[in-house]
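2 protein chains.
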Amino acid sequence: MSIIENLISQLTRLPGIGRKSAQRLAFFILTMPANEAKAIADAITDVKENAKFCSVCFNITADDPCEICSDPSRDRSRICVVEEPSNILALERTRSYNGLYHVLLGALSPLDGITPDRLKILELAQRVQSGGIQEIILATNPNTKGEMTAQYITEMLRQSGAGISRIAYGLPIGSDIEFADEVTLAKSLEGRRTL
Amino acid sequence: MSIIENLISQLTRLPGIGRKSAQRLAFFILTMPANEAKAIADAITDVKENAKFCSVCFNITADDPCEICSDPSRDRSRICVVEEPSNILALERTRSYNGLYHVLLGALSPLDGITPDRLKILELAQRVQSGGIQEIILATNPNTKGEMTAQYITEMLRQSGAGISRIAYGLPIGSDIEFADEVTLAKSLEGRRTL
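Laid out in structure tokens, this is it:
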């Protein structure tokens with residue numbers, strides 16, 4: 044197998060990259076400046092060699108604790124609870140949250156054997172018990188598993204003294220009421236705010 | 044920037060990979076077996092460090108001459124002329140050609156300053172002059188530049204004694220006459236074969 048065919052076949056291992064995309068990527072890489080291509084290869088190696096979970100919040104990080112947990116400018120009285128590390132990236136891009144995070148590494152799904160002890164729920168309870176937390180924002184997904192997880196955590200932390208909130212449901216910005224599904228529209232009505 | 048964000052931003056340099064695809068790829072890479080991720084990184088590095096043009100046919104290769112030029116089982120009396128190295132991969136996948144190739148590294152386009160001396164046309168003439176070539180198959184693209192290039196080479200090699208052929212135009216297999224454009228359909232009629 045030639046080196047270019049090897050690169051193509053390696054790239055097709057990635058999700059959503061078929062044979063044609065892989066070929067286009069491979070020939071693009073071939074004509075890229077060498078330092079840029081090296082940066083891609085190094086970033087892959089770096090992630091595989093150095094990525095671990097933050098021992099505090101279970102975000103993915105090279106340093107422990109992670110950048111967010113060790114940032115003195117973050118509001119340490121708030122914890123936003125998410126299912127996956129990728130959710131943190133999405134929330135950070137909003138630039139509208141300055142607290143800490145807690146990654147559950149999944150959502151409850153008893154039928155699949157995902158019980159509370161399989162998630163980082165106990166670790167969340169310990170963080171809350173250690174004090175200083177005013178608000179816990181539950182940002183699990185708005186689907187069955189995410190809702191069940193949010194409810195479980197709400198029950199568990201009810202006596203903790205920390206406020207517990209859930210991210211809002213409603214119509215996506217830029218969407219059209221005409222095309223909203225009825226459950227979302229009902230939630231959107233239910234969550235209306237007085238102006 | 045965290046290591047995962049670094050990987051995401053590196054991946055967005057690639058064509059057709061937006062922010063969301065890059066994020067999906069990065070988190071996939073994170074959960075891949077380490078040796079598979081390493082194989083991808085190594086394939087990128089390998090291509091950048093070792094890829095060069097074959098001095099005979101201008102295919103991309105790690106070894107010179109390339110695998111095809113140095114394969115004793117290939118028919119050395121036929122040369123298929125293509126515009127780009129990627130075209131060789133497409134033709135090889137058909138498994139219906141066993142001759143050699145010659146990559147022009149482009150197509151004539153005088154308005155863009157792509158004159159014959161900017162392509163590997165002289166090198167093709169030299170290969171043909173050195174003898175033993177029975178057929179030259181022109182597989183440049185069926186568009187203006189590719190046609191112009193095919194005509195130029197036909198004129199240049201007319202006296203060489205080698206047969207010159209052009210890949211067939213016609214309806215793609217699996218397509219519908221109803222939806223064929225008129226130029227393709229006209230070419231398809233013109234190129235009809237007696238059964």
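Protein chains in written order, with our numbering: chain A, 44 to 238; chain B, 44 to 238.
Built from N, CA and C at the ideal position, the CB exists for glycine as well.
Contact set for residue i: own chain, Cβ-Cβ below 8 Å, skip 5 residues either direction
i       : result
I72(A)  : L50, A80 and I83
S198(B) : In the sequence as presented, Ser is not what sits at residue 198(B); that position holds Glu. If we look at E198(B) and ignore the five residues flanking it on each side, it has no Cβ neighbours.
L134(A) : C123, V125, Y140, Y144 and A182
N102(A) : F96, C109, I111, C112, P128, I131, Y144 and V146
Residue i - DSSP class collapsed to helix/strand/coil
i       : result
D114(B) : coil
L68(A)  : helix
Y144(A) : strand
F222(A) : helix
S152(B) : strand
T104(A) : strand
V124(A) : strand
R161(B) : helix
S208(B) : strand
R236(B) : coil
Beta carbon proximity, residue i to chain A, threshold 8 Å
i       : result
A86(B)  : yes
N141(B) : no
G59(B)  : yes
T137(B) : no
R67(B)  : yes
E225(B) : no
S45(B)  : yes
T158(B) : no
A193(B) : no
D155(B) : no
T104(B) : yes
A77(B)  : yes
K230(B) : no
L54(B)  : yes
Minimum Cβ-Cβ distance from residue i to chain B less than 8 Å
i       : result
K163(A) : no
N130(A) : no
A94(A)  : yes
N49(A)  : yes
A82(A)  : yes
D219(A) : no
E110(A) : yes
S64(A)  : yes
D89(A)  : yes
7 Å Cβ cut-off: residues of chain E touching residue i
i      : result
F71(B) : Reference to chain E is not applicable here, since the protein chains of this structure are A and B.
Run of the alpha helix (DSSP H) containing residue i, from where it starts to where it stops
i       : result
S52(A)  : I46 to L54
E233(A) : E225 to E233
S129(A) : P128 to R136
G189(B) : T187 to L200
I83(A)  : A77 to N93
Same chain, Cβ closer than 6 Å to residue i, five either side skipped, listed in chain order
i       : result
E233(A) : none
A223(B) : L214
Supposed contact pair residue j and residue i - C-beta distance, whole angstroms, cut 8 Å
i       : j       : result
T192(B) : L147(B) : 7 Å
Q66(A)  : L132(B) : 7 Å
I47(B)  : A94(A)  : 7 Å
Any non-hydrogen atom of the ligand ADP closer than 7 Å to residue i Cβ
i       : result
I176(B) : Here there are no bound small molecules, and the ligand ADP is not part of this structure.
The beta strand (DSSP E) enclosing residue i, as first and last residue numbers
i       : result
L181(B) : E178 to L181
Own chain partners of residue i with C-beta closer than 7 Å, once the 5 adjacent residues on each side are dropped
i       : result
Q177(A) : S120, R121, A205 and G206
C112(A) : C97, V99, C100 and L143
S64(B)  : none
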